[in-house]
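K.L.:
In numbering that gives the first Met the number 0, the protein residues as written are 0 to 291.
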Amino acid sequence: MELFFKYLEYEKRYSPHTLTSYHTDLGQFAQYLQDTYQITDPAEADHTIIRSWILTLVHKNLEARSVNRKIACLRSYYKFLLGQQRISANPMLRIKAPKVSKKLPAFVPEEPFNHFLDSFTFEDTFEGQRDRLILEFLYGTGMRLAELIGIGHEDVDLHAKTVRVLGKGNKVRIIPLNDTLVAAIRQYLEHKKSLFGNNNSERLLVTNKERPLYPKFVYRVAKKYISLVTTSEHNSPHVLRHSFATHLLNNGADLNAIKDLLGHASLAATQVYTHNSIEKLKSIFEKAHPKA
Numbered sequence: 000m001e002l003f004f005k006y007l008e009y010e011k012r013y014s015p016h017t018l019t020s021y022h023t024d025l026g027q028f029a030q031y032l033q034d035t036y037q038i039t040d041p042a043e044a045d046h047t048i049i050r051s052w053i054l055t056l057v058h059k060n061l062e063a064r065s066v067n068r069k070i071a072c073l074r075s076y077y078k079f080l081l082g083q084q085r086i087s088a089n090p091m092l093r094i095k096a097p098k099v100s101k102k103l104p105a106f107v108p109e110e111p112f113n114h115f116l117d118s119f120t121f122e123d124t125f126e127g128q129r130d131r132l133i134l135e136f137l138y139g140t141g142m143r144l145a146e147l148i149g150i151g152h153e154d155v156d157l158h159a160k161t162v163r164v165l166g167k168g169n170k171v172r173i174i175p176l177n178d179t180l181v182a183a184i185r186q187y188l189e190h191k192k193s194l195f196g197n198n199n200s201e202r203l204l205v206t207n208k209e210r211p212l213y214p215k216f217v218y219r220v221a222k223k224y225i226s227l228v229t230t231s232e233h234n235s236p237h238v239l240r241h242s243f244a245t246h247l248l249n250n251g252a253d254l255n256a257i258k259d260l261l262g263h264a265s266l267a268a269t270q271v272y273t274h275n276s277i278e279k280l281k282s283i284f285e286k287a288h289p290k291a
């Protein structure tokens with residue numbers, strides 16, 4: 000299993016988030032094999048045993064998306080074992096993934112959220128300006144949580160108004176910064192220098208103890224402020240990424256440009272946002288057209 004994880008990290012270049020998820024998934028599967036079948040080596044499991052684990056997950060009312068991720072983990076693992084000649088046949092070839100109902104990406108309403116960012120008074124402290132910068136970065140660039148945490152001082156070019164981020168598959172992309180975001184960065188840097196001296200930290204965004212931010216920290220900040228704008232349960236950092244794309248599309252941005260800004264590998268991943276725009280058009284049509 001350790002060889003498998005090294006393969007994913009160094010050869011397949013999987014993101015840290017995916018690696019953590021796969022560690023959890025494969026660990027749970029190995030524990031199930033041991034507890035239920037007294038099997039200590041997952042290579043010994045056949046398709047019926049694997050299917051029994053999947054059924055157990057379904058009976059626990061686990062979401063189809065989560066089940067499919069665990070199946071994807073096992074597909075990668077047994078494909079790896081086959082390549083290493085640890086098994087003679089791939090048991091995952093006989094496993095079917097459950098269907099996932101398509102959900103439209105959740106997003107915050109455009110006018111209320113923009114009004115909030117423009118009018119809310121963040122404390123003129125390191126903490127207050129850092130929180131503001133986290134929100135401005137997520138909504139102003141559409142970057143992923145892991146990309147935000149990974150930004151270094153050298154990645155930000157305030158003169159050119161750009162930020163360089165390392166996305167999935169170690170792909171680097173350059174994202175433009177709006178004037179509000181540039182001003183927020185400058186203000187944050189002043190507070191950071193005042194508190195810690197000459198920015199010794201490699202990362203741009205840090206905690207009160209000058210340590211790199213971590214996912215739960217950013218989740219707490221996003222939830223705290225998004226909850227002031229909407230009563231929706233969807234208040235994670237990723238919702239601001241969805242909002243970035245949806246609001247761009249609603250205001251006439253080209254789909255290919257949004258794809259590049261988000262760092263999507265294919266246009267298919269970006270097209271999901273067109274559904275939100277179509278729903279908005281339907282709403283306008285139903286309110287305005289005499290025959291609607």
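Ideal placement from N, C-alpha and C gives every residue a C-beta, glycine not left out.
How many angstroms separate the CA atom of P97 from the CA atom of L61?
P.N.:
11 Å
K.L.:
Less than 8 Å separating the beta-carbons of E209 and S200?
P.N.:
yes
K.L.:
Would you decide whether P289 is buried or exposed? Buried here means 16 or more other CB atoms lie within 10 Å of its CB.
P.N.:
exposed
K.L.:
Less than 8 Å separating the beta-carbons of T206 and F195?
P.N.:
no
K.L.:
Going by C-alpha to C-alpha distance, which of L54, F115, H152 sits closest to R131?
P.N.:
Residue nearest to R131 within the set L54, F115, H152 is F115 (criterion: CA-CA distance).
K.L.:
Just the C-alpha distance for K192 and T124, rounded to the nearest angstrom, thanks.
P.N.:
12 Å
K.L.:
Which word fits I173, buried or exposed, when buried means at least 16 other C-beta atoms lie within 10 angstroms of its C-beta?
P.N.:
Here I173 is exposed: its Cβ has fewer than 16 other Cβ atoms, across all protein chains shown, within 10 Å.
K.L.:
Assuming G139 and L165 are in contact, meaning their beta carbons sit under 8 Å apart, how far apart are those beta carbons, in whole angstroms?
P.N.:
Their Cβ separation, rounded to whole angstroms, is 18 Å, which puts G139 and L165 out of contact at 8 Å.
K.L.:
Identify, in the order they occur along the chain, each residue of the same chain with its Cβ nearer than 7 Å to the Cβ of Q186, setting aside the five sequence neighbours on each side.
P.N.:
Q128
K.L.:
Out of curiosity, what's the CA-to-CA distance linking Y31 and H58?
P.N.:
A direct Cα-Cα distance of roughly 15 Å separates Y31 from H58.
K.L.:
What does the alpha-carbon distance come out to for the pair F136 and M142?
P.N.:
7 Å
K.L.:
What's the gap between the Cα of H46 and the Cα of D24?
P.N.:
17 Å
K.L.:
Give me the Cβ distance between L204 and L147, rounded to the nearest whole Å; I'm assuming they're in contact under 8 Å.
P.N.:
7 Å
K.L.:
Can you grab the Cα-Cα spacing for the pair F3 / F79, in whole Å?
P.N.:
7 Å
K.L.:
Classify T17: buried if its beta carbon has 16 or more other beta carbons within 10 angstroms, exposed otherwise.
P.N.:
buried
K.L.:
In the structure shown, what three-state DSSP assignment does I133 receive?
P.N.:
helix
K.L.:
Please identify the residue among R68, S51, Y9, Y21 whose C-alpha is closest to the C-alpha of D34.
P.N.:
S51
K.L.:
Starting from T39, follow the beta strand (DSSP E) in both directions and report where the run begins and ends.
P.N.:
Premise fails: T39 is in no beta strand (DSSP E) and is neither H nor E.
K.L.:
Which residue wins for smallest C-alpha separation from Y218, given the options L254, S87, H233?
P.N.:
H233
K.L.:
Can you list, in chain order, the residues of its chain with a C-beta nearer than 7 Å to that of N169? Leave out the 5 residues immediately preceding and following it.
P.N.:
R12
K.L.:
Among T120, I225, I184, D178, which one has its Cα closest to the Cα of F112?
P.N.:
Taking the Cα of F112 as reference, the smallest distance to any Cα among T120, I225, I184, D178 is reached at I225.
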